[in-house]
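Just so you know, the protein sequences line up as chains X and Z, in that order. At position 316 of the first sequence the residue is numbered 323 (the working numbering), and the sequence of numbers has no breaks. At position 178 of the second sequence the residue is numbered 480 (the working numbering), and the sequence of numbers has no breaks. From the three backbone atoms N, C-alpha and C, an ideal C-beta is built for every residue, glycine too.
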Amino acid sequence: MLRMPRFELLEPTTLEAALSALAERPEKSMVIAGGTDLLPNLKHELFTPERVVSLARIASLRSVRELDQGWLSLGAMLKLEEIAAHETLRRRYPALAQAASLVAGPQLRTMGTLGGNVLLDTRCQWYNQTYFWRQALGFCLKKDGTLCHVVEGGSKCVAAASNDTAPALMTLGAELVIVGPAGQRVVRIDDFWLADGAANKKLDPGEILVEIRLPPTTPGHRGAYGKLRMRDSIDFPLLSVAARVDLDSSGKVSHADLVIGALQARPVRIKKLDSVLAGVQTGGDAWKTAVSQAAELAYRQCHPMPNVPGDHEWRREMVPVYVRHTLESAVRGDGPVHGL
Amino acid sequence: MRILKLQINGDLHELAAPDHWTLLEVLRYSLQLTGSKQGCDKGDCGACTGLVDGKPVLSCLTLAATAQGHEITTIEGLLPAHRRAGGEGADPIQRAFDRCGALQCGFCQPGMMLSARALLSRNAQPTRAEIRSALSGNLCRCTGYTQIFEAVESAVCEQLGVAPKPRAWETPSPESGS
Ligand SMILES: Cc1cc2nc3c(=O)[nH]c(=O)nc-3n(C[C@H](O)[C@H](O)[C@H](O)COP(=O)(O)OP(=O)(O)OC[C@H]3O[C@@H](n4cnc5c(N)ncnc54)[C@H](O)[C@@H]3O)c2cc1C
Ligand code: SF4
Ligand code: FES
Ligand code: FES
């Protein structure tokens, strides 16, 4: 039995009330959305807030809204299950809907929210454990200790960004709308991350993520999501690939993007991808060659750490496999890619 | 401590519980509804699955207070709900699990049956693939899953009023071995 440390729970029904509830003691308060990441972490005594503020009764955080100029706004409290099943999202932003459909298992997708997924705490085998387990081994940098069990002599935590929707949102150019005591700010999701597993998000205590905004896609937009995991359900990613391929009217690639998850403290964008994919006509031999080159490029740039389950060298060998399948699947329009 | 009002299996329960208690703790330790199992207690196994407004959720990761105002169903409520709806005996899913021998130790069964109930309530004729997917958040460490999937298919047949011939409505899949 894993009992949580004591805290006081507040369930405000408006965003303003939630902000004031946090503002009283920002450092000692935490937000709960679906609770599927926070509660296990509280049970492991990784956090010990005095106050927990639930967003579940704030109806305004659960809407999907069309904005000006083709942008779409997704409320932070939309459930992953809703994201996965949403017709508009499946058509216009397939990588996102597919990523949401592969998070955990059905119960967790019924409970877990999009906002909570973006804000998922980074993960490491030496960290996501009970207090008893951690103190037996000796604490680490991310919580209570001074050394890292993964990188010898390392001075920065490398716990893995394991949230499935984050790589997909990055390929889509998403923006995050955050409100706090100082008002509202909008951040490009690419600029939201820090390369530090102990604090990989630029979110201050007292701030609330309210919506995720997506720019328009063209009819030639293609996207897919691929995920490697131990079992084909429940498990966090050992590696994940979000692919974007925008085609012009003649079927040539005008822009491509690949973002890889579960490698480091932040999702990793593959550099120089357009140099191998842009201008290539999809379908033929040139496309096959270009996809192999993209896979090779990703292999060279990806270095999984030995801190999530699965041998890290095997995970690295799976990078080109998943990149190839996910790019091809994006262009065919039939993802997600899993269980290879 | 606070007073909680929880609507469980058609009854309104009023009880006192600390803010940091989960729904599972309240069910098991305040209300003695021990059908919901405490397996991993951290979201991995599905043994604590309950229905909230008809959807399967993990009661070990639900704060009890946040379940107020929602309709909660545990395994104890499946038979009474079936009877209230005019049925006889137990829920067809419960009878099918029994008929198909879809259990050994039984620990995973309450969660399995509730996930299956949620599926059949929204999809009266699921395929094997849909059944596998709906039960993919429930781990069984004893039986293997074949009898469990067959039990759900058997319950589907019964609900449709056709003779329980497993997989009669879909083409044989490689795994079925037929
Ligand atoms: C067994 C298991 C398997 C899992 N598998 C996966 C997986 O495969 N892939 C994956 O991505 N995730 C997985 N998860 C993690 C989790 O279920 C999801 O990431 C889920 O989307 C988290 O959302 P939530 O609403 O439950 O977040 P919560 O737990 O409520 O919150 C997560 C964090 O974000 C903060 N927070 C949440 N919403 C806001 C907001 N709007 N503003 C400010 N702060 C906020 C909370 O304070 C907390 O720190 C798994 C969890 C379990 C238990
Ligand atoms: S990467 Fe190192 S510092 Fe970070 S959680 Fe793991 S062991 Fe701790
Ligand atoms: S006890 Fe809730 S998922 Fe295992
Ligand atoms: S019957 Fe024992 S865990 Fe499923």
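query: Please report the residue range of the beta strand (DSSP E) in which I374/Z lies.; result: E373 to T375
query: Output the residues surrounding ligand 1, defined as those with a CB atom closer than 5 angstroms to any ligand heavy atom, in chain order.; result: M37/X, V38/X, I39/X, A40/X, G41/X, G42/X, T43/X, D44/X, L45/X, A83/X, V110/X, A111/X, L115/X, G119/X, T120/X, G122/X, G123/X, N124/X, L126/X, L127/X, N170/X, D171/X, I215/X, L216/X, F243/X, G345/Z and D346/Z
query: Tell me the rounded alpha-carbon separation between H322/Z and A349/Z.; result: 20 angstroms
query: Alpha carbons only, please: which of G258/X, L270/X, L254/X and Q271/X is nearest the one belonging to D264/X?; result: L254/X
query: Within its chain, find whatever has a CB closer than 6 angstroms to the CB of L17/X; leave out the 5 residues flanking it on each side and keep chain order.; result: A28 and V60
query: Hey, V248/X and T333/X: beta-carbon distance below 7 angstroms or not?; result: yes
query: According to the Cβ coordinates, are A318/Z and A366/Z closer than 7 angstroms?; result: no
query: Check whether the segment 425-433 of chain Z touches the segment 406-413 of chain Z, counting contact only when three or more Cβ pairs, one atom from each stretch, lie closer than 8 angstroms.; result: no
query: Which residue marks the beginning of the alpha helix (DSSP H) containing K339/Z, and which one marks its end?; result: First-last for K339/Z: undefined, no H or E at that position.
query: So what's I185/X in DSSP terms, helix, strand or just coil?; result: strand
query: Just checking: is the beta-carbon of G345/Z within a distance shorter than 7 angstroms of some beta-carbon in chain X?; result: yes
query: Quick check on the contact list: which residues have their beta carbon closer than 6 angstroms to a heavy atom of ligand 2?; result: C131/X, W133/X, Y134/X, C147/X, L148/X, K149/X, C155/X, H156/X, V157/X, C164/X, V165/X, A166/X, G204/X and N314/X
query: Rounded to the nearest angstrom, what separates T21/X and L45/X at their Cα positions?; result: 21 angstroms
query: If you run the structure through DSSP and keep just helix, strand and coil, what is Y134/X?; result: coil
query: Ligand 3 and D343/Z: does any heavy atom of the ligand fall closer than 6 angstroms to the residue's C-beta?; result: yes
query: Applying the criterion that 16 or more other CB atoms from any shown protein chain within 10 Å of the CB defines a buried residue, is G395/Z buried or exposed?; result: Before going on, a small fix: residue 395/Z reads as Ile here, not Gly. Classification for I395/Z: buried.
query: Any chance the CB of Q449/Z is under 6 angstroms from a heavy atom of ligand 4?; result: no
query: I'd like to confirm the pairing. Which residues does DSSP put opposite S39/X in its beta bridges?; result: For the record, residue 39/X in the displayed sequence is Ile; it is not Ser. DSSP, once it has assigned bridges, lists S61/X as partnering I39/X.
query: When you compare the segment 184-200 of chain X with the segment 134-145 of chain X, are there three or more beta-carbon pairs, one atom per stretch, that lie closer than 8 angstroms?; result: no
query: Since L334/X is in the alpha helix (DSSP H), which residue starts that stretch and which ends it?; result: H319 to R339
query: Which whole runs of the beta strand (DSSP E) in the segment 348-433 of chain Z are 3 residues long or more, in chain order?; result: 351-354, 357-360 and 373-375
query: Please report how far the alpha carbon of M118/X lies from the alpha carbon of T225/X, in whole angstroms.; result: 32 angstroms
query: For T120/X, does the three-state DSSP call read helix, strand or coil?; result: strand
query: Which term fits I305/Z, buried or exposed, when burial requires 16 or more other beta carbons within 10 angstroms of its beta carbon?; result: exposed
query: Within the same chain, show all residues whose beta-carbon is closer than 6 angstroms to that of R419/Z, passing over the 5 residues directly before and after it, in chain order.; result: I395
query: Can you tell which of A337/X, C309/X and R220/X has its C-alpha closest to the C-alpha of D75/X?; result: R220/X
query: Take T336/Z and list the residues in its own chain whose beta-carbon comes closer than 6 angstroms to its own, dropping the five residues that flank it on each side.; result: R330
query: Looking only at its chain, what residues have a beta carbon closer than 8 angstroms to the beta carbon of L280/X, apart from the 5 residues adjacent to it on each side?; result: A263, D264, L265, A301 and L304
query: If we cut at 7 angstroms on Cβ distances, does D355/Z have a partner in chain X?; result: no
query: Going residue by residue through the segment 210-244 of chain X, where are the continuous beta strand (DSSP E) segments of at least 3 residues, counting only ones entirely within it?; result: 215-221 and 228-235
query: Check each residue of the segment 113-124 of chain X: if its Cβ is closer than 8 angstroms to any Cβ of chain Z, include it; give the result in chain order.; result: P113, Q114, L115, T117 and M118
query: Quick check: what's the CA-CA separation for R236/X versus L270/X?; result: 13 angstroms
query: So, helix, strand or coil for W471/Z, using DSSP?; result: Because the pLDDT of W471/Z is 40, which lies under 50, any placement of that residue in the model is unreliable, and the number read from its coordinates should be weighed accordingly. In the structure shown, W471/Z sits in coil (DSSP, three-state: anything other than H, G, I, E or B).
query: Could you check whether the Cβ of A102/X sits closer than 6 angstroms to any heavy atom belonging to ligand 5?; result: With respect to small molecules bound, the structure shown includes ligand 1, ligand 2, ligand 3 and ligand 4 and not ligand 5.
query: Please report how far the alpha carbon of L353/Z lies from the alpha carbon of R273/X, in whole angstroms.; result: 35 angstroms
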